[in-house]
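Residue numbers (mature numbering (1 follows the signal peptide of the UniProt record, and there is no 0)): -20 to -1, 1 to 132. For glycine and all other residues, C-beta sits at the position ideal for the given N, C-alpha and C. These figures come from a predicted structure and were not determined experimentally. Worksheet: one structure, shown below.
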């Protein structure tokens, strides 16, 4: 009986100690929504979801490295970019309104193959623009990953 009580105590303590993700908190989501203009953040996970489970879905371990990168790393010596005018704002959904896939956010659930979803979406958008909407369909992320049994 004492062993059962100790085991139960350890299990309860470990559940209590599971770090919760700050990005599931309402005040954090409200702060994001104050700044977001084209989308709305919401609670997409149970508040008791461990932070580690959500981080597995992010698909990148290089976020901190990118934050530390110098702006000089992104400059080019190519003269073709010297006098290019870049607009202050640009929204592809407005520029190519006839392409219904542009701006669509696909739910990949717990699939770790974000690269496949991103690639198929971007390629579908480019096909729509290039064909002046003759091609205006989604491409299948599932077909890209069908033979990869370890891709998430």
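Less than 8 Å between the CB atoms is what I'm expecting for residue i and residue j, so what's the real figure, rounded?
i, j, result
"residue 82", "residue 72", "5 Å"
So, using beta-carbon positions, are residue i and residue j closer together than 8 Å?
i, j, result
"residue 79", "residue 108", "yes"
"residue 137", "residue 4", "Examination of residue 137 is not possible in this model, given that the chain is present from -20 through 132 alone."
"residue 13", "residue 20", "yes"
"residue 104", "residue 117", "yes"
"residue 125", "residue 101", "no"
In terms of residues, what are the limits of the alpha helix (DSSP H) holding residue i?
i, result
"residue 97", "94 to 110"
"residue 69", "It is not in any alpha helix (DSSP H) - residue 69 carries neither H nor E in the DSSP assignment."
"residue 59", "No alpha helix (DSSP H) contains residue 59, which DSSP labels as neither H nor E."
"residue 10", "6 to 15"
"residue 124", "121 to 125"
"residue 33", "31 to 35"
For residue i, does the count of other Cβ atoms within 10 angstroms reach 16, so buried, or fall short, so exposed?
i, result
"residue 121", "buried"
Given residue i, which residues of its chain have a CB within under 7 Å of its CB, disregarding the five upstream and five downstream residues?
i, result
"residue 25", "4 and 34"
"residue 113", "78 and 79"
For residue i, which residues in the same chain have their Cβ closer than 6 Å to its Cβ, ignoring the five residues on either side in sequence?
i, result
"residue 76", "82 and 109"
"residue 9", "21"
Leaving aside the five residues before and after residue i along the sequence, list all residues of the same chain whose C-beta is less than 8 Å from its C-beta, in chain order.
i, result
"residue 48", "none"
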